[in-house]
Each structure stands twice: as C-alpha cells, then as structure tokens.
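> Below: one structure in structure tokens.
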Amino acid sequence: MTLPSLHSQAAKGQQSPLPDTAPSIAVNRQLGRTFHEIEGGSLLFVVLTDDHGLSPSDENVYRRLIDNLRHDTQDRILVQDFLSTPALRKVFESKDNKAWNLPINLPGDGPSAATQEAYRRVAEIVKTSVTGTSLTASLTGPVATIADFQRLGAEDSRVIEIGTVISVLAILFVVYRNFVTMLIPIATIGVSVLFAQGTLSALAELGLALNMQVIGFISAVMIGAGTDYAVFLISRYHDCLRQGLDSDQAVKRAMLSIGKVIFASAATVAVTFLAMVFTRLKVFSAVGPATAVSIAVSLLAAVTLLPAILVLTGRRGWINPRRELTTRFWRRSGSMIARRPARFLIGSLAALLALAGTAGLAHLSFDDVRFLPREVGSVAGYEQINRHFPMNAMTPAVLLVQSPRDMRTPAALADLEAMANRISELPEVAMVRGLTRPFGEPVEQMTASFQTGEVGGKLNQVSAAISDRTGDLDTLAGSSRHMAGELARIRERVMDAMSGADKLLTALEELQGVLTASPTSQQLAGAAQILGRMTALSGNLSATVSGARQVAGWAGPIVAALSSSPVCSADSACIRSRDELASLVAAENDGTLGSIAALAASFREMRDPATVTLTTNKLAQQLSQAINFLKTAGGLRSRMAQMTQGASALADGGAAVADGVQQLVERTKQLGTGLSDASTFLLDIKHDAHRRSMTGFYIPAQFMDTDEYRSGTKFFLSDDGHSARYFVQSALNPFTAQAMDQIGKIIDAAKSTQPNTELVDASIAMTGITAGLKDTHDYYRSDMEFIFIATVIIVFLILAALLRALVAPLYLIVSVLISYLSALGLSVIAFQLLLGQDLHWSLPGLSFVCLVAVGADYNMLLISRIREESEHGVRAGVIRTVGATGGVITSAGMIFAASMFSLVTASITTMVQAGFTIGIGILLDTFLVRTATVPALVALIGRASWWPLGAEFRYLRHVGRLMTPNPQGRFSRIVPTYFRSRFRSANLPATAASITSRAKREKPGESIPHRGMPERHLGIHALPLFGCGDKSPLLLHRSKAASTRAGAARHLRAPRGDTLQHALPLFDLRNASMAATVNRAARDAH
328 MTLPSLHSQA AKGQQSPLPD TAPSIAVNRQ LGRTFHEIEG GSLLFVVLTD
378 DHGLSPSDEN VYRRLIDNLR HDTQDRILVQ DFLSTPALRK VFESKDNKAW
428 NLPINLPGDG PSAATQEAYR RVAEIVKTSV TGTSLTASLT GPVATIADFQ
478 RLGAEDSRVI EIGTVISVLA ILFVVYRNFV TMLIPIATIG VSVLFAQGTL
528 SALAELGLAL NMQVIGFISA VMIGAGTDYA VFLISRYHDC LRQGLDSDQA
578 VKRAMLSIGK VIFASAATVA VTFLAMVFTR LKVFSAVGPA TAVSIAVSLL
628 AAVTLLPAIL VLTGRRGWIN PRRELTTRFW RRSGSMIARR PARFLIGSLA
678 ALLALAGTAG LAHLSFDDVR FLPREVGSVA GYEQINRHFP MNAMTPAVLL
728 VQSPRDMRTP AALADLEAMA NRISELPEVA MVRGLTRPFG EPVEQMTASF
778 QTGEVGGKLN QVSAAISDRT GDLDTLAGSS RHMAGELARI RERVMDAMSG
828 ADKLLTALEE LQGVLTASPT SQQLAGAAQI LGRMTALSGN LSATVSGARQ
878 VAGWAGPIVA ALSSSPVCSA DSACIRSRDE LASLVAAEND GTLGSIAALA
928 ASFREMRDPA TVTLTTNKLA QQLSQAINFL KTAGGLRSRM AQMTQGASAL
978 ADGGAAVADG VQQLVERTKQ LGTGLSDAST FLLDIKHDAH RRSMTGFYIP
1028 AQFMDTDEYR SGTKFFLSDD GHSARYFVQS ALNPFTAQAM DQIGKIIDAA
1078 KSTQPNTELV DASIAMTGIT AGLKDTHDYY RSDMEFIFIA TVIIVFLILA
1128 ALLRALVAPL YLIVSVLISY LSALGLSVIA FQLLLGQDLH WSLPGLSFVC
1178 LVAVGADYNM LLISRIREES EHGVRAGVIR TVGATGGVIT SAGMIFAASM
1228 FSLVTASITT MVQAGFTIGI GILLDTFLVR TATVPALVAL IGRASWWPLG
1278 AEFRYLRHVG RLMTPNPQGR FSRIVPTYFR SRFRSANLPA TAASITSRAK
1328 REKPGESIPH RGMPERHLGI HALPLFGCGD KSPLLLHRSK AASTRAGAAR
1378 HLRAPRGDTL QHALPLFDLR NASMAATVNR AARDAH
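The sequence shown begins at 328 in the numbering used here and counts up one residue at a time.
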C-alpha cells in the first residue's frame, strides 16, 4: 500500500525498445553532439492543414505558434520552422499548398516520463494556438505514437482484468458447480495479483523495466497460471476425498502427489521467462522478469495460501466434490487411444502439421502505427502527412559521414557529391539532400558541366565579338600602315628641309613662308585624322583584350581537366581547342595580353583628334619660335640635326606600330577562330553531359569563404568540418522489410565510393526510423534464437528431472513445438488471410514462450500421472490417466485460454493477436495434443519412454523387492508366479505354484485374516482400481463399517496416511497351505 501503483511505475519507467548500444541510437546521439542539437531527442510532428488552401492569415497563426513554442522555457525543445530558415519552406510546405509540417525535437527517449510530460505541454500549446482558426492541428510521430500506446494500454489493462475474472468464474462454476469451490481460486489469485503488483512496484524502484503492455500481459498470465495451479490441487484433493480420506489427509495427499507437478510447472514458466532478461530488445527483457516474478508469486500462493484455505473450508464440508460428469467420456477416449494409438497419432499429427504449415506464410510487420485504432490522434496525423507530402518526406534516413580530415575542401566536397550521387542512383531512392544538394538535386552552378558551359558561353561571346569586329580590325591595320607612310614622308620632307639648313640663315623669312605654306601642316592634319581613327578603334581593342583575359582566367582549370582526359586526347577537335586555350593562357601568363591592353590604353589617351591638330599647330608655332630663336642665337645647325633625328625616329616608330598592329589583327583573328572551336566543344559538353553521373562537381576554393556558402552548409556540415550528414528519402514504406534491407544497400553504396578519395578513412553510419527498425529486426532474430534455445533446454531439463528419463522429454518437447506452430498457423489464417492484417513482430517470441511453457505444464501433469499409473502396463496407464486427468486438463486449459482470450477485447491489435494466438494454442494443446497426440505416442513407445532407468527395476524396488542379476544375466528366483506376467522380458523362474488357481473367491466385504499374509505383495494387484503408486504396502484389516463423505471405501484401515486402500479383497488366505505357500515365497524373497 505504501508503494506507487504499478501503472504509475510503468508510466515512469518506460524505456526505448532498443538498447543504448544499438547502432541507430548511437548515431542519433552522435548527431546531437556534432550539430549541437538535442542529444538522443525524440521527434514530434505538428501537421497544420487547411483544406481551402493556406492563406496569409494561416501564416500568422503559424508564426504565433512558433513564438509560443519558443517562449516555453520549461522544456528544452528544438523547433525547425521555415520562418527562421526560409530555405526549408520547400521542404515543410506541401505542394498542394494545404499543409505545413512543423518538426519538433523533444529531449530524452520517447517512452520516458519526462519526454511524455513535455509532449503533453507541447500538445496543449498547439491546441491553444490554433483554436478558433482555419488551421487544423494533428500531432504525430514516434512520441505521439508512444503516448497513444501508453494511454490505451492503461485503459485496456482494466478491461482485460475484468473480462478475465468473469470468464474464469464462469468456467469454474461449470466445472465445480459449487459457489465456495469456485471462489477459492479467485480469492487465491486476487491475493497473489495484489502481492505481485506490490513486488513488481518495489522492483521497479530498483530499476526493473515495466510498460503498460507488460501489465496487461502479466495480469492475464497470472490469472491463467494461478487458476491452473488451483484446479490441479483441488481436483487431486477431490480424488482423495472420493477414495475415502478425510479432508486434512486429502489435502496432505494432494500436496504430496500434485505439489511436485505444480512446482515443476511454475519453475518451467518462471525460469523460461526469467531467461529473457538476457535478450536485448526491451519488449522481451521487460516482460520476461516481470512475468517470472508474477509466476513465482502465483506458485507461492498455490503451495501456501491455497492449501490453508482448503483445510479451513474442507473441515466444514463446504467444498465437497460433486458427481463426476466427464470421467466416463474420458475413460472411453483413453480406451480408444490405447487400442488404436497409431490411428490417433497419425490423425492428430496430420491436423497439427497442416496448421503448422501455414505458419510459414506469416508476414511480420514492424509498423506499430498499424496496430493502433484509426481514430487515434497519431494515426490521423500520419494519414495527413501521407495525404499531403511524399512518402518518407518527414522521416528520411540520415547518413552520417565522419572523417579525420577537414572536408571543407573542393576535393572532399566533390567526393561527398559522388557518394550522394551513387546513393541517389539506387533503386527506390527518391531523393538525397545534403551539403552538395540541399534540395535533392545537385546545385547546377556547382557542376563541372555547368561551369564548362559557362566558360564556353563566354568564349563564344568573345569569338562573336571578334568576328563582328573583323572589319574594324582590318581598318585598324590599314590606318596604321597609312600613318606609317605619312610619317615616312614627313621624315623625307624634314630631311629635305635640313638639307637647306645652310640657306636657312640667309633666307629665314623665306623659310618661314615656305613652312607656313608647306603641305607639312596638311600632312600633319592627315596624320591627326589617322590617329583619330586609331583612337576610335582602341575601345574595341580594349574590350576584345579584356574578354580574352577573362577567358584565360576561366580556362586554367579547363585546360588542366582536358589535359588529363584520355577522351580529349583521342579527339583531334578537342586537342585543337585545348591547344588554343593553352595558348590563350600562355599569352596571359607571359604578358602579351597585358602589352596589348597597354597599347589600347595609349590609343585611348589620343582619342580626341583635336589634340593632334593642336599638337600640329603647336609644332608650327614652335618652328616659328625656333626660327626666331635661331635668328638671335647660335647652334642652329645642331638643333636642326636633332630635328632630323626626331623625324627619323618618328617615322621608324610609325612603321613599327603598323607592323605590330598588323600582327595583333592577325593574332586576334586566329584567337577568334580558336575561341569559337573551344566554345563549340565546351557547349557540347554542357548539352551532352546532362545526366547526373556525367555532370561532375567543383566548388572553387574562393567561394567557400563567402557568407552565402557558410550559411547554406551550417545545417549539413559540422563546425569543425569533420562531419557531414545527408538525408536519404526512400520510395518504400519505411516499416517494411524491403526498406530495412535498403539501409544496408545505402551504406554499401556509400562505402563503395571511398577508395582513392578524400573520404577513404571516413566512417559511415545511418539512423532514423527505418534504421531503428532494422536494428530491431536484427536484435529480434538474435533474441528469438536465444529464446528458442533457452526455452527448449529449460523445459527439457525440468521434464527430465521430473520424469528421470530422456526419451519422454524429447517427444514432449516436439509436441509443444508442433502445437506452437499450429497456433501460429491459425493466427496467420485468422489475421492475414481473413482480416488482411500482418502479424506484429513480437508475436512469435511471446507466444512461443507462453505456449511452450504452458504446454509443458500440461505435459508434466499428464506424463507424471501416466508414469504412476503404468505399473500394470503403459496402455493401461494411458487409459486410467486420460480418464482421471482429462477433465482436469480440459478445465485448466479452458481457464487459461479464457484468460488469454480476454486480451482480444483490447484496442491495441498487438494484444489482440497475442491473446488469440496463445488462447487458440492452449485450446489446441488441451483438446488435441494432450488428449490424443501425447497419449498415442506414449502407448506406441511404451516403457521405452522411461529410458534409461528401467521400469521393472524401479517397480520392484518400489514394493521392497530387490532384483539383482546373476552372472549369467538372469534374475534370481525372487518373483512369485503371479508376478510373472508383469515381467515376461525378465525370463524369471517361479518359486511357488500359482496361488491364484487355489485361491478361494470371497464376496467383497468378507472378513479376512491378515495374520501371516505377505503384506508387501498385496499392494500389487493386476487390476488396481484407484492406483496411486505409493511407497508402502497395502494392509487389510477387519474394521467396523464406517461411512465417508465420498461413500466409496469400507472395511479398510490405513495404518499410514500414504498407503493405498482397496475395498475389494480378492483372495481368501485362511487356508493354512495357502498361507504357508505365500509365507515361504516371502521368506525366499528376503
């Protein structure tokens, strides 16, 4: 009473179904640490829908909901919304514009009490925020599913307990037809259930794992097993009362006879379930110890409380047995089986094997959502997601790549994209999102084909510009040549002028006139016009050179890629284009393009023709001044020499410029042709390499330092650059076996791209819902192997210890295995073929343990009774055992089956399937295996069932006769003649004549003397009527007639409570010779 209730302990102690060492759990924790998210968090989806389409007012509600969630400081939750990250709008908004998905990460494991409390607070915030708006909110995801399971489990446990009690009471009333007898098992079970719940609550405080499903399951198992133990003991108690024992002696005899069977039965179930503590799945490791403790409590109540109640009520005559109604039926059944065991064995095995064959059609489902009612909130939320979003869009698998190297390099990013591309090419993979493909497809600007096409486009533009300006280039070349000719003529005129230098002094005035009227001014004016044309062309030259230099900057990586490409080396067009690009790069590197750019700049400085005219006028003025100066100063001859040299230099420079311009024009035309070829080739690459496997990937190193790149990679790349994650969206149902197999294929595909890359020493792992289910499936297979081996070994050892034999336990184990497979086959027929439901993945394991353990219970009761009743022949023992235990086993089986069928009333399909499978399996075991298959097997195998300990040796030792073999291998003469039929195989000699031929028949009830009788032998009778293989001989005494409540035994007195009583003395041994014969046989035996 001082401990918390079991339901509160179960709600507080909920744990994740997977162990902490599971790969998906470990990767999930690593993701939380690496990306600074909630470590080991649980995912919740808030689905907001508006069937009329999302509107701006809906977005205001969305914004208000986000604000309310962020202001919840009590829970450390992580909200992923598209307001703070606009790039996520495409992911979280449905394409039909009718739904938003809001992922929320809650701290802790989903089943934990703290996480469930946080879920309830978030649910209240969501409900408050959307109330009165056009949005409808649905909460789903793993956390919501677990919450629904817990709530329904708590509700179902009460219904299961009530239904079980009612059904058990009904069966008990039919069996006993006594109100007090009917209430005794219920009272015992009620006390044991309360005590077990208190014990489990105390153990939960010490760390025992519990959940709501475990509570409902152990309640049904306790009621079924506890009732069976009570039925075993009460039935044996009634048998003893019918034999004439008083109530106290009957309780004692029943406990001595059936107590070992109850103990062995409970030990089988408890130890088998306790072994499940070594399994790794919590669904097994949690239910195993709790059930073992419950069975131990039921055993304790059955051997302490129940006998005490029987003593108290039996003394008052409240629980006297009623008339047997089914004994004759079961005895006839036993006789039929004993006469024709092969027929019954073949018929029963044919039916069982036909049902067991359908078990191979079982299809197990790991989708827990499918086993919840459709009206549950989390199920409705999943339906909304599937209606508005692609499958798995909200539950993608996460691929985590961790490398000891920094992956923030162009080479590492290219290798990551190659890995992502390889995964995206797998069948049934819908999308891969990550660092190099944020929205599921590679960023076009980051593909080498796009970049190549861009370079080709630029080259094409430059080539087109050159082609368009060919005429201007030709004009530029002609103008430069014309200017060179004019300058040469100016030099000639200057030389002519200098030749008349001697006459200059005498005819300055005439020279000045000559110069003024000379065509030199006109020639200079013509040169000014030429320079004006060159200035006009300088702009085009500058643009052309600028484009060429830009192309040279892009062409570097392209030339390097083409140089290492064997495909390009085999293509002559590619080689020419590569060489043209290489020459362009070389021109940039050796400064040629720079020189041309400088020339264009110098031309631009002379872009105004007036400047040339002004210069010419200035020259004339300067000449006039010079003449005036020469008039007044000496050194005219030297000055004229300098002028001659300047004119000559000007003419030579003009010629050089003309040659350079001509070469530039020719080179530019050649460059245009090469750029056109390169552009055509690169654009062909862009258009032809459209498949993702041909596009390539390249991120310039300088781009990785931009803020745009950093903000875009924050979600996919860790801060230190050593971890990257990709989200893999499958086209398969994530809860199917195909999706689980796909996890391994994805990892293999990712690892296949690692050799000879920057990721060669990186570790690759996956997490997510499907990855977790794959771990569950893997653990399930290993746990089932362990459960199967442990259960078979435990049941075999307990049966062998109880029977002290090896053969019988072997075929009994086989019988319970066939019974289990038959029950599973019936479940396949009922749920898969008729109802169209897959079986829950935990069903085979739980039902296996229950059916094998419970089947072993009935095996122990049946086979131990056959063993006791087989002293006069195995087939006779089968007849008597079936007649005596048929009703008991049938009643116990129906009670246990009824308690398990009460699980069918649960709202969780998992419990319904478990209750049906175990219940129908117990009925099969009760009405077919224990009543036909096993008795027929025992009848066919005979005494070999008790190998290696022979029945004859134990039997004679049992009655006090020691049988020892002589050196010839024959037994000494110690067995009377009337025992010879019992041991034909021993080939024993007789020591006395057959006393049965001389025995005088007496009427039943006649007084007979017992003096001188070989009392040890009288307990052995060829036709025992009540047989109880007791260890003491039968003593017959004269006694007064005494009535018993059973009304069966008279003229008997048992000097010891454990002697077998017989009411029909068969021999009159008053004859002296007969007594002497028997006494002589007794002395010989001693």
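Note that CB positions come from ideal geometry on N, CA and C, so glycine has one too.
#1: Tyr679 to Asp483, Cα distance in whole Å?
#2: Closest to Ile473 by CA distance: which of Glu488, Glu444, Val492, Ser461 is it?
#3: Suppose you measure from the CA of Ala689 to the CA of Val1087; what does that come to, to the nearest Å?
#4: Could you please give me the residues that DSSP links to Asn432 through a beta bridge?
#5: By a C-beta neighbour count over all protein chains shown, 10 Å radius and 16 as the cutoff for buried, is Trp1274 buried or exposed?
#6: Apart from the five residues just before and just after Lys425, which ones in its own chain have a Cβ nearer than 7 angstroms to its Cβ?
#7: Need the endpoints of the beta strand (DSSP E) that Phe1054 sits in, please.
#8: State the CB to CB distance for the pair Ala577 and Leu568, rounded to an integer number of angstroms; the pair is presumed to be in contact (CB under 8 angstroms).
#9: Between Ile1156 and Thr685, which are expected to be in contact by the criterion C-beta below 8 angstroms, what is the C-beta distance as a whole number of angstroms?
#10: To the nearest angstrom, how far is the alpha carbon of Gly615 from that of Ala602?
#11: Within 10 Å of its beta-carbon, does Phe693 have 16 or more other beta-carbons around it, so buried, or fewer, so exposed?
#12: Are the CB atoms of Ser369 and Gly435 nearer to each other than 8 angstroms?
#13: To the nearest angstrom, how far is it from the Cα of Arg1270 to the Cα of Val1134?
#14: For Ser519, tell me which candidate among Asn505, Asn432, Gly551, Gly1242 has the shortest Cα-Cα distance.
#15: By a C-beta neighbour count over all protein chains shown, 10 Å radius and 16 as the cutoff for buried, is Leu521 buried or exposed?
#16: By a C-beta neighbour count over all protein chains shown, 10 Å radius and 16 as the cutoff for buried, is Arg655 buried or exposed?
#17: With a Cβ-Cβ cutoff of 8 angstroms, do Val449 and Leu429 count as a contact?
#18: Out of Pro344, Ser335, Leu333, which has the shortest C-alpha to C-alpha gap to Asp1102?
#19: Does DSSP classify Leu537 as helix, strand or coil?
#20: My output table needs one value for Thr1217: the three-state DSSP class, helix, strand or coil.
#21: Check each candidate in Arg478, Val1209, Ala628, Leu1148 and name the one with the smallest Cα separation from Ala440.
#22: From Gly1332 to Gly641, what distance separates their C-alpha atoms?
#23: Quick one: residues in its chain with C-beta nearer than 6 angstroms to the C-beta of Asn719, no 5 flanking neighbours on either side, listed in chain order?
#24: Count the other CB atoms, across all protein chains shown, that sit within 10 Å of the CB of His1167; report buried if there are 16 or more and exposed otherwise.
#25: Tell me the rounded alpha-carbon separation between Met758 and Ser456.
#26: Any idea what DSSP makes of His1167, helix, strand or coil?
#27: Among the residues of its own chain, which have a CB less than 7 angstroms from the CB of Ala594, if the five just before and after it don't count?
#28: Would you mind giving the Cβ-Cβ distance between Ala1224 and Ile1249, rounded to the nearest angstrom? I have them listed as a contact below 8 angstroms.
#29: Let me know if Gln1069 comes out buried or exposed under the rule of 16 or more other beta-carbons within 10 Å of its beta-carbon.
#30: Quick one, are the C-beta atoms of Ala531 and Leu537 less than 8 angstroms apart?
#31: If we call anything under 8 angstroms between Cβ atoms a contact, is Ser1191 one with Leu1130?
#32: Would you list, in sequence order, the uninterrupted beta strand (DSSP E) runs of no fewer than 3 residues that lie entirely inside the stretch 714 to 764?
#33: Tell me the residue span of the alpha helix (DSSP H) that contains Ala619.
#34: Quick one: what's got a C-beta closer than 8 angstroms to Gly704's C-beta in the same chain, skipping five residues either side?
#35: Going by CA-CA distance only, name the one from Ser1149, Tyr564, Arg649 that's closest to Phe1175.
#36: Which two residues bound the contiguous beta strand (DSSP E) that contains Thr467?
Working from what's here:
#1: It is worth fixing the name first, because residue 679 is Leu in this sequence and not Tyr. Cα-Cα distance, rounded: 32 angstroms.
#2: Glu444
#3: 42 angstroms
#4: The bridge partners DSSP lists for Asn432 are Leu370, Leu405.
#5: exposed
#6: Thr376, Asp377, Asp378, Gly380, Leu381, His715
#7: 1050 to 1057
#8: 5 angstroms
#9: Sure, about 6 angstroms apart at Cβ, within 8 angstroms.
#10: 7 angstroms
#11: Classification for Phe693: buried.
#12: yes
#13: 10 angstroms
#14: Gly551
#15: exposed
#16: exposed
#17: no
#18: Pro344
#19: coil
#20: helix
#21: Arg478
#22: Note that Gly1332 has pLDDT 38, beneath the 50 cutoff, so the model's placement of it is unreliable and the number below is only indicative. Near 29 angstroms, if we compare the C-alpha coordinates of Gly641 and Gly1332.
#23: Gln1056, Ser1057, Pro1061
#24: Under this definition His1167 is a buried residue.
#25: 33 angstroms
#26: The DSSP-derived three-state label of His1167 is strand.
#27: Ile1125
#28: 4 angstroms
#29: With 16 or more other Cβ atoms within 10 Å, it is buried.
#30: yes
#31: Between Ser1191 and Leu1130, the C-beta spacing is below 8 angstroms.
#32: 724 to 729, 756 to 760
#33: Judged by DSSP secondary structure, Ala619 falls within the alpha helix (DSSP H) whose first and last residues are 609 to 627.
#34: Ser465, Leu466, Thr467, Ala471, Asp475
#35: Ser1149
#36: 463 to 467
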